[in-house]
Each structure stands twice: as structure tokens, then as C-alpha cells.
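Undergrad: Have a look at the structure that comes next, please.
Protein chains: 2
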Amino acid sequence: MRIAVDAFGGDHAPEAIVKGCVQAVSECNAELILVGKEQILAALLEHEDVPTGKIHIHHAEEVIETSESPVDSIRRKKDSSLVVGLELVKNGEADAVVSAGNTGAYLAGAFRTLGRVKGVKRPALTTVLPTVGNPGVILDVGANADCRPLHLVQFAQMGAIYAEHVLGIQHPRVGLLNIGAEEAKGNALTKETHQLLKSAPVNFIGNIEPRDVPYGLADVIVCDGFTGNVVIKLIEGTASALFSMMKDVFYKSTLTKLAAGILKPGLKTVKSRMDYSEYGGAPLLGIDGVVFKAHGSSDAKAIKNAVKTTALYVEAGVNEKIKAAISAYSTSDEDEDR
Amino acid sequence: MRIAVDAFGGDHAPEAIVKGCVQAVSECNAELILVGKEQILAALLEHEDVPTGKIHIHHAEEVIETSESPVDSIRRKKDSSLVVGLELVKNGEADAVVSAGNTGAYLAGAFRTLGRVKGVKRPALTTVLPTVGNPGVILDVGANADCRPLHLVQFAQMGAIYAEHVLGIQHPRVGLLNIGAEEAKGNALTKETHQLLKSAPVNFIGNIEPRDVPYGLADVIVCDGFTGNVVIKLIEGTASALFSMMKDVFYKSTLTKLAAGILKPGLKTVKSRMDYSEYGGAPLLGIDGVVFKAHGSSDAKAIKNAVKTTALYVEAGVNEKIKAAISAYSTSDEDEDR
């Protein structure tokens, strides 16, 4: 298996990306292709201890910055590490691609270069959701700001396959994010989606209220991409705000500093458990090719985790399973190719 | 000024409601009308030290439970404390009403009994948003699950008036909750709303990303009621999940218990700062009458805060200011009375 990695995407590229890849090759059964400026990557690899033939370099001259316009940048920068990584998948030179770069450009590029799995209306960005219990997944978290009910039904199918075959959750419980537990609650989208999910071939357990999201009551949480993006970023912001307020409490006096020192290791664990970037990348489910997004602020460990999860995904043949599931359960949609 | 209080709404009714009212009368310049079963209320008041003529009782025989269907219950239970409280406002016997009862029933009842301020398309439930900095407000948080851009513009106007005249924030900064800082980001609703807000008579500062919501970058955050409800409940759930994980850290050993004991008072402050029920009730802005919702789990202190905020609202003449602002800035809407 060969996985292409965009070595120039993300806040800590290329150093953290290279380091993460070096760590990953010793922990998973994949060859990696670092995509980006050859000279820089070769120099970085010189200092690392890499088994022969496990990490290759594929030159790409340009870099798409996080601040650039997505559609514009992929059109203009055909020789960027982000676009070239996707091309390697398209040409069959890589089985998957990982990038921590510009999310919008990566989504648009994946869509344009690789297209959709047959039958999938809307590919969905899918991320692991940190919870008090076992982590689940949530989708869509930003690929589709406006969705229709049928899109959410497909998200449920794809998310369940991912949860089962990559996260190892048997018979994953699928919940619909909604404001209220009763099926008549919600907006037009969630009300109609609830009805459709009742007869869909997934283990639908009903609505999940926002208050319960961090408690892991469902293994797969389904919502439109606007709401999903709000959810993951608000959890991140709330946790960070709370920890910053607690810092003030900790630094109040010598005594509180001492007490905080004792609790620090435990609290660090809590903090990292709430950090979804710890969990190794977000696949773009429904794209005809394996495309993983790592968090923009990924450090070497996050990149390593993303590469390892990507390898699991390829091994499990998730995309083939999605194709089969979607074609086995086709629902009518008045506006199919919108 | 006379404020009616639904004495039988909420998880801790009627005891906490009565206690909260007793505390409130000594701190604000209002007479209170406790609405509910007379005998029970009279017995509860007997143990309290109340200045003569400050707390009255208005009998109502029935109680609407939190679990009851909103529309059904207000239709069937005309002599419930919740409905009678609203009627007192309608008949001019009270200047405002406060309830911690069934939210759906209260909203439906307010709409039906009192109607909208002239020109307001959709009344919005508005709550104080706890942040690291100064608290702001967010609306709508649940009265309207589906909204159109014009509704959000009116929410911005109403929210700004409330922030200025009740919370005392000069020239309040209005932000649009959106997934991305750039104006082209978002779903169909937020993209169009952004354009409308640019020319609306409010201090519009642009999009607020979910990650920044707990940091108080805006004084008024505007969104549809589905998203707003997700936001307040997810902040609540995330904070509660974090504190429950931290409890495990605190109880790990004798040493950690000792350390936690030292930090406890400070951490309690953090917890209560993140709790929006601390901030005294959520007005239903745009209803032709002053209608405040207290959190269902309100204790006496929360009720006291809600009553005090309600008194401020009445004194400031917020509804008159809303009426004037809405009539001064009328925007066209193709589907006015939907």
C-alpha cells in the first residue's frame, strides 16, 4: 500500500509532517510518498532513520496557503503539493492521500480530481468526536453547508461503515443531531430526515440532543455540514475557554500553583481526550478515492495517527463497502444531481 | 410595576419559585403575583418574611408538566399557572410574566395570548451567553427552528436593543454565527443574512466562528433557532462533560483529593460562569408583552435573577424601543406572514 502525504500542508509543515511520516512507517504497513519541494524534504529526511524504500519523495513546486481561496488556488496551482497528492491517487500511484492543508481547497480538489463514489450524492467530511465514553464519529462537519434529508441518510450509511470497519464498533448506533428527543422536534431538515432514517438500513437510535453529544450516546452522529462544523468547533472553543479560565484559578497563589501541579498530568489527559485532532484525521467519505484530512494544527503525532488510520481505511476496503451499501439502498430524490 | 410569576413551572416548583420571589422583592422595585394553587402558595409564604403588599397570589388550579405536548396542553389547561400568567399580562393586570415551565407551551401560549410586536416577523428566545469575557446574548435559541434572512436581521435589531438597555452594553457589537470568518462562507441562510446585516441599522462586526463564541467577541450573536439551541445546549453539555472527567482526576488519590480541595472554590466560580441559567432568564423578544423564560432547573437564586432582569426590561421600555426600531427599518420580504 502506498499513501501520498502532502508535506507542505498545515501550520507545522514540512517539519512536523516529515517527522510524523517517519514515525508512521514503523507502525503501519504502508510506503509513504512525501509530496512537495524535493530538496527541502530530502534535507529533512537526511536526519531521520528511515527503513529503505519506505518513504519516497514526489516533487511538487508550489504550496497552497491556508488563507488562499479554495477554488482559485487549486485552479492556479496545479503543481502544488495538495493537488499533486490528489493526482497521485487518481493515477493509481497512491492508494490514498493525507493532507493537513487548506480544507476548502482540499475538498474542492478531491471533488474535482477524484469525483464521487457511484450513487453518493454528497461526500461528507467525517471526524472522530471526542466524548466522555468511547469516541464516535460525526458527519458532515463542513463539506456541505446546505443539505437535504436524503444526503443525511447517506451520511448515516457511510458513517456506520466507517465506524464499524475502521473504528471497530460493532453494529454502530446512529443518532440524528436534533433539538429535542421526540421525533416531531427540530427543523424541516431533521424532521424529514428522522422519518427517512427509521426505514434506512442502519441501526438508527433516534435523535441525539446537543447536550448529550459529548457523552457518546451514539457511535455515529448525523447532521448537515453547517451544524456539524458548529459542533466540532464549539466543543473545541468551549474546552479551550474553560481551560483558560481554570488557568487563572491555578495561578492565583503559591498554594493553588502547588495543587495544580499535582493535578496537571490528569488534567492533561482530559484536555487531550477532548481534542479531536488527537484521533487521527478525517476522511472525506463518498469520494472515489481515499482522501484524509488532518487538522491544520497537526503535530508529528497527529500526522502519524492520520497516516495509520488511512492505512486501516484502505485495508478495510471502506470505499468498496460504501459503493455496495449505497447501490443496495437507493432512495428516490426529486433533484438528484444538484 | 407588577410581575406575574408562574409558581408551578420548573423542576423545583413551587418551593424554589416562592423563595426566589421573596428574595427578589427586597432587591427590586416590583410587586409580584404568584400564580398557582392558592392554598399551597399561602402555606409556603407563611414561613417567609415578606413586606406587606409586595407579593400577591392569583389562583390557578392546573399545572402544565414539562413533558406535556405544548400546543395541546395550553389548549386543554386554560386554568394552568402558565396560561393564567400570560393572561394577566394580556389583561393589563401584570406588566410582565416569568415562568420556568414547559418551554414549548410557554412560547406557544405567549404567541397565542399576546401576539407579536407590530412589524416583528418572528419573536426570538434570547439568552445570555456565558463567555470568558463579558457575557453577551444569543438569539434565536429555539423559538424558530427554520428562519429566513430577514428574521435574523430583526433578531439583530432586537438583540442589540436588549443588550444596550437591559445589559447596559453601549453600542453592542452584533456578530453573525457562521462557519468561517469570510463573508462568502456559510450556508444559504448565513450568506444572504451577512449581506443584509451590512446595511442594517446595527453595529454589525461580521461573522463569529463557533470556536470564538465562548470568548465574547460579540455582544449579540445572531443565528437561526436550531443552531442557537445547539449552541447553548452544546456549551452546557461540553462544560458538564469536562467537569465530570475532571472529577475522576480529582478523586484518583488522597493527594489529588487534597489538591482538588484547594482549587475547589475557584473551579466552582468557573463552573457557574459557564452556566447560562445563572444569568437571569431569557426574554421572548418581539412578543407584544414582556415574557421571560427561566431555566427549567432554576433554583431560588435563578428565579430571583430572572425577576430582577424582567423588572429592568419593563423599566427600560424595551418593547416600545423594539416597536420603534422595527417600524423605522422595514425591509421587504416576499413571504411576509409565513
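Protein chains in written order, with the numbering used here: chain A, 540 to 877; chain B, 540 to 877.
Glycine included, each C-beta is placed from N, C-alpha and C at the ideal position.
Would you mind giving the Cβ-Cβ distance between A/G559 and A/T670, rounded to the nearest angstrom? I have them listed as a contact below 8 Å.
TA: Mapped onto the first sequence, residue 559 of chain A falls at position 20. Mapped onto the first sequence, residue 670 of chain A falls at position 131. With 8 Å as the limit, A/G559 and A/T670 do not qualify as a contact, their Cβ atoms being about 25 Å apart.
Undergrad: Please list, in chain order, the residues of the region 735 to 768 of chain A that have any C-beta partner in chain B closer than 7 Å.
TA: Residues E748, P749, R750, D751, V752, P753, Y754, F765, T766, N768.
Undergrad: CB-CB under 7 Å to B/A850, same chain, minus the five flanking residues each way: which ones, in chain order?
TA: What you label residue 850 of chain B is simply residue 311 of the second sequence in a count that begins at 1. Only M540, I542, C567, N568, A569 meet the Cβ criterion.
Undergrad: Tell me the rounded alpha-carbon separation between A/V574 and A/A855.
TA: By one-based count along the first sequence, residue 574 of chain A stands at place 35. By one-based count along the first sequence, residue 855 of chain A stands at place 316. Going by the C-alpha atoms only, they are around 25 Å apart.
Undergrad: Any heavy atom of the ligand NAP closer than 6 Å to the Cβ of B/P674?
TA: The ligand content of the structure shown is nil, which means the ligand NAP is not present either.
Undergrad: Between the region 754 to 772 of chain B and the region 704 to 720 of chain B, can you find at least three pairs of beta-carbon atoms closer than 8 Å?
TA: In short, these stretches touch, since the Cβ pair count reaches three.
Undergrad: Could you check where the beta strand (DSSP E) with B/E570 kicks off and where it finishes?
TA: The count along the second sequence starts at 1 and reaches residue 570 of chain B at position 31. Looking at the DSSP string, the run of the beta strand (DSSP E) that includes B/E570 is 570 to 575.
Undergrad: What residues in the region 777 to 791 of chain A bring their beta carbon closer than 9 Å to a beta carbon of chain B?
TA: Listed by position, the residues of the region 777 to 791 of chain A near chain B (Cβ gap below 9 Å) are T777, A778, S779, A780, L781, F782, S783, M784, M785, D787, V788, F789, K791.
Undergrad: Measuring only between beta-carbons, confirm whether A/T795 sits less than 7 Å from chain B.
TA: For the purposes of this step, residue 795 of chain A is identified with residue 256 of the first sequence, where counting begins at 1. Yes, because at least one Cβ of chain B sits closer than 7 Å to the Cβ of A/T795.
Undergrad: Say whether the region 784 to 802 of chain B touches the region 792 to 809 of chain A, bearing in mind that this needs 3 or more beta-carbon pairs closer than 8 Å, one atom from each stretch.
TA: Yes, they touch.
Undergrad: A/P590 to B/K730, Cα distance in whole Å?
TA: Looking up residue 590 of chain A in the first sequence gives position 51. Looking up residue 730 of chain B in the second sequence gives position 191. If you take the alpha carbons of A/P590 and B/K730, they lie about 50 Å apart.
Undergrad: If you reduce the DSSP assignment to three classes, tell me which class A/L706 lands in.
TA: Here residue 706 of chain A refers to the residue found at position 167 when the first sequence is read from its first residue. Coil, per DSSP.
Undergrad: Could you check which residue in B/K724, B/L735, B/G654, B/V741 has the C-alpha nearest to that of B/E748?
TA: Reading the second sequence from its first residue, position 209 is the one you call residue 748 of chain B. The shortest Cα separation from B/E748 among B/K724, B/L735, B/G654, B/V741 belongs to B/K724.
Undergrad: By Cβ distance below 6 Å, which residues in the same chain neighbour B/G658 in space, the five residues on each side in sequence not counted?
TA: As a working note, residue 658 of chain B is residue 119 in the second sequence. Here the set comprises I865, S866.
Undergrad: Measure from the C-beta of B/D550 to each C-beta in chain A and report whether the shortest distance is under 7 Å.
TA: Position 11 of the second sequence, counted from the first residue, corresponds to residue 550 of chain B. Not closer than 7 Å to any Cβ of chain A, the Cβ of B/D550 fails to qualify, so no.
Undergrad: For A/N683, which beta-bridge partners are listed by DSSP?
TA: As a working mapping, residue 683 of chain A is identified with position 144 in the first sequence. None, per the DSSP bridge assignment.
Undergrad: If you measure from the beta carbon of B/L691 to each beta carbon in chain A, is any gap under 7 Å?
TA: As a working mapping, residue 691 of chain B is identified with position 152 in the second sequence. No, B/L691 lies away from the interface with chain A (no Cβ there is under 7 Å from its Cβ).
Undergrad: Reducing DSSP to helix, strand and coil, say where A/E601 ends up.
TA: Indexing the first sequence from 1 puts residue 601 of chain A at position 62. Note: A/E601 maps to strand in three-state DSSP.
Undergrad: May I ask you to report which of helix, strand or coil DSSP gives A/D545?
TA: Looking up residue 545 of chain A in the first sequence gives position 6. It is a strand residue.
Undergrad: Between the Cα of A/V564 and those of A/K616, A/S620, A/H586, A/H595, spot the shortest distance and give me the residue it belongs to.
TA: What you label residue 564 of chain A is simply residue 25 of the first sequence in a count that begins at 1. The shortest Cα separation from A/V564 among A/K616, A/S620, A/H586, A/H595 belongs to A/H595.
Undergrad: Taking three-plus beta-carbon pairs below 8 Å as touching, is the region 764 to 774 of chain B in contact with the region 675 to 695 of chain B?
TA: Result yes; three or more Cβ-Cβ pairs closer than 8 Å.
Undergrad: Report the residues of the region 848 to 868 of chain B with a CB closer than 7 Å to any CB of chain A, ordered along the chain.
TA: Per Cβ criterion, the list is empty.
Undergrad: Closer than 7 Å by C-beta to A/V853: which residues in its own chain qualify, once you throw out the five before and the five after it? Chain order, please.
TA: As a working note, residue 853 of chain A is residue 314 in the first sequence. Around A/V853: M540, D634, A635, V829.
Undergrad: So B/N726 contacts chain A; which residues on that side make the cut at Cβ distance below 7 Å?
TA: Numbered from 1 along the second sequence, position 187 holds the residue referred to as residue 726 of chain B. Residues of chain A passing the Cβ test: A684, D685, F765.
Undergrad: Tell me which residues share the same chain as B/P553 and place their Cβ nearer than 7 Å to its Cβ, disregarding the 5 neighbours each side in the sequence.
TA: The residue given as residue 553 of chain B occupies position 14 in the second sequence. Hits under 7 Å: A546, F547, G575, I579, L580, L583.
Undergrad: Say whether chain B places a C-beta atom closer than 7 Å to the C-beta of A/E775.
TA: The count along the first sequence starts at 1 and reaches residue 775 of chain A at position 236. Yes - at least one Cβ of chain B is within 7 Å of the one on A/E775.
Undergrad: Does the CB of A/I801 have a neighbour CB from chain B at under 7 Å?
TA: Position 262 of the first sequence, counting from 1, holds the residue named residue 801 of chain A. Yes - at least one Cβ of chain B is within 7 Å of the one on A/I801.
Undergrad: Which residues in chain B sit within 8 Å of A/R712, going by Cβ to Cβ distance?
TA: The count along the first sequence starts at 1 and reaches residue 712 of chain A at position 173. Here the premise fails: no neighbours, minimum Cβ distance about 18 Å.
Undergrad: Name the residues in the region 666 to 681 of chain A whose C-beta lies less than 8 Å from a C-beta of chain B; which are they?
TA: Residues T670, V671, G681.
Undergrad: Which one of A/M784, A/A644, A/N673, A/K629 has the shortest CA to CA distance from A/G654?
TA: For the purposes of this step, residue 654 of chain A is taken as the residue at position 115 of the first sequence. Here the closest residue by C-alpha is A/K629.
Undergrad: Considering only residues of the same chain and omitting the five flanking positions on each side of B/Y868, which have a CB-CB separation below 8 Å?
TA: Numbered from its first residue, the second sequence carries residue 868 of chain B at position 329. Only Q696, A739, P740 meet the Cβ criterion.
Undergrad: Grab me the residues of A/I613's own chain with a C-beta within less than 6 Å of its C-beta, minus the 5 sequence neighbours each way, in chain order.
TA: Along the first sequence, one-based indexing puts residue 613 of chain A at 74. If we look at A/I613 and ignore the five residues flanking it on each side, its Cβ neighbours are V622, A644, A647, G648.
Undergrad: Which one of B/I572, B/H586, B/V637, B/E600 has the shortest CA to CA distance from B/K832?
TA: The sequence position of residue 832 of chain B within the second sequence is 293, counting from 1. That would be B/V637, whose Cα lies nearest to the Cα of B/K832.
Undergrad: Mapping the DSSP letters down to three states, classify A/T670 as helix, strand or coil.
TA: The residue you call residue 670 of chain A lines up with position 131 of the first sequence. A/T670: coil per DSSP, three-state reduction.
Undergrad: Would a C-beta distance cut-off of 7 Å place A/M813 and A/A778 closer than the cut-off?
TA: Working through the first sequence from its first residue, we reach residue 813 of chain A at position 274. Working through the first sequence from its first residue, we reach residue 778 of chain A at position 239. Against a cut-off of 7 Å, the Cβ pair of A/A778 and A/M813 comes out as a contact.
Undergrad: From which residue to which residue does the alpha helix (DSSP H) around A/A649 run?
TA: Taking the first sequence and counting its residues from 1, one reaches residue 649 of chain A at position 110. First-last of the alpha helix (DSSP H) with A/A649: 642 to 653.
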